[in-house]
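Everything in the sequence shown is counted per this note's numbering, starting at 186 for the first residue and increasing by one.
Inspection log for the structure reproduced underneath, given as structure tokens.
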Amino acid sequence: MSESLPPFRAPTGTHDVLAPESALWEGLVASFAEFAYRYGFSLVMTPIFEDVGVFTRGIGEESEVFQKEMYIFEDRGERRFALRPEGTASVVRAFVQHQPTTPWKAWYITPAFRYERPQAGRYRQHYQLGVEVLGTDDPAVDVEVIALANNFYAAIGLKNLRLLINSMGDEECRPRYIELLSEYLEAHQMELCDEHREMWRQNPLRVLDCKKEACIRVTSGAPMLIDHLCDNCRAHFDQVIAGLSAIGVESFLSPRLVRGFDYYTRTTFEFIAESLGNAQNAVGGGGRYDKLSEQLGGKATSGIGFGSGIERLLLARQAEGVVAPLLKRTLDVFVIDTTGGDSVTLLIEQLRAAGIATDRAYDQRSMKAQMRVADKSGARWALLVGPEELLAGEVTIRDLRSQDFEQTQQRVARSQTVSTVAHLVTK
Ligand SMILES: [Zn+2]
Ligand SMILES: [Zn+2]
């Protein structure tokens, strides 16, 4: 006696992506790959787990991601690893390890893992795509990375995005500023939110980013880093802003924009989807990390990048009511064969070799049953091969969208089938 077992489900906070939704993913990735290529980037693939230090050194042990959200585990050899919580650190680790010629421009697509409370648009395994450039601090590259993001978002149909930008300074001006900010926060610490009243010293910059009203009120009078940049950082920032405006990309200075990871220096930016409301509305962001290479044991090397969560991008698309498919992913042809002959298998392979998306029924079913599958398949054309066609060396081509297919269908010689279909498909 065997009782049926309860079926497995995907783990909490994860999700499967099946057709037809997966066609959106495919289109998004193809579009991103195309933009990356146009901008001179090559694909990089790195492991989804790394020595835990790869993430903690750059992201910072004080960060919320490290403290609450990372998947950390010990393997059978008692090594301590972490599943990648974001895209950048692994790519920079690969750069440090392989020392490719600079500037090194790489793009990636990867799952990222955060132990978060599951909610709309937040997953424990989500997907990110992004780019990184290592080996130059030229403001032109900041502009280029932002332009790539901006053009990619436009290409996938997002119109209501707002680009926020800020500078995080560098090792010269940021420590001076943090002292200034700390003096201010100390004087006002009783007015901060519950969490920051106790914790602000651990990372004073995070208070600027706090969404609680108390912290927003206090910090509205706080000194802002953008007003305390050193001359080099100021000049760099001004050149980035000028460069963006020269190519017609509108940006908004956001002095409170402090991204969650310690490794950011100078330019930081975020693209906000206004359609997503006020929370969880960033569809992408990034910035410079001129110290990260050194933190991972490499030579001092400037870097900049950005990343976007695919799920969030698709939510924003939906919120903006963008329905245009990103990629044609429907069948051209469905082949109905009741003869079971190898010659039909050959015909199907020839259609596919000619670039025609072709599917067929299996299991030698009746004409009627195969016809039902053809109707459901989404294919525009059906090719019919029955005993009569087989004998005559012909194939019937039927337009599945035609109301009166008896009238519109045509019989063509077997040898003419591929060229005839190719012509119909491209029409
Ligand atoms: Zn707060
Ligand atoms: Zn500076």
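Even for Gly, the Cβ is constructed at its ideal location relative to N, Cα and C.
Asked	Found
Closer than 7 Å: Glu357 CB and nearest ligand 2 heavy atom	yes
Gly354 Cβ short of 7 Å to ligand 2 heavy atom set	yes
Inter-stretch contact at 8 Å, needing at least 3 Cβ pairs: the region 384–399 / the region 430–446	yes
Alpha-carbon spacing of Ser227 relative to Arg514, whole angstroms	25 Å
Buried versus exposed, by CB contacts within 10 Å (16 or more), Tyr222	exposed
Cβ neighbours of Ile411 in the same chain (closer than 8 Å, five flanking residues each side left out)	Asn351, Ser352, Phe422, Leu438, Pro440
8 Å Cβ cutoff met for Val679 and Ala340	Absent from the model: residue 679. The displayed extent of the chain is 186 to 612, so no value can be given.
Exposure of Arg493, with buried meaning 16 or more beta-carbon neighbours within 10 Å	Residue identity differs from the one stated: residue 493 is Ser in this sequence, not Arg. When all chains shown are included, Ser493 counts as buried.
Proximity to Glu364 [Cα-Cα], best of Leu349, Arg382, Arg386, Arg545	Arg386
Three-state class that DSSP yields for Asn466 in the structure shown	coil
Those runs of the beta strand (DSSP E) which lie wholly inside the region 538–567 and span at least 3 residues	543–545
Exposed unless 16 or more other CB atoms sit within 10 angstroms - verdict on Leu576	exposed
Residues sharing a beta bridge with Tyr312, DSSP	Pro296
Every unbroken alpha helix (DSSP H) within the region 310–357, with a cutoff of 4 residues, ordered by chain	324–340
CB contact flag (Thr321, Thr287, <8 Å)	yes
Whole-angstrom distance between Leu568 and Asp527, CA atom to CA atom	15 Å
Contact set, ligand 1 heavy atom to C-beta under 5 Å	Cys378, His381, Cys395, Lys397, Cys400
Member of Ala542, Asp548, Arg497, Glu301 whose CA lies at the smallest distance from the CA of Asp522	Asp548
Val239 (DSSP reduced to helix, strand or coil)	helix
C-alpha gap between Leu511 and Glu206, whole angstroms	11 Å
Exposed unless 16 or more other CB atoms sit within 10 angstroms - verdict on Lys476	buried
Asn417 CB to nearest heavy atom of ligand 2 below 7 Å	yes
Per-residue burial, Ser430 [other beta carbons within 10 Å of its own, 16 or more giving buried]	exposed
Among Gly472, Phe298, Gly563, Ala539, the one whose alpha carbon lies nearest that of Thr197	Phe298
Enclosing beta strand (DSSP E) for Ile457 [first to last residue]	450–458
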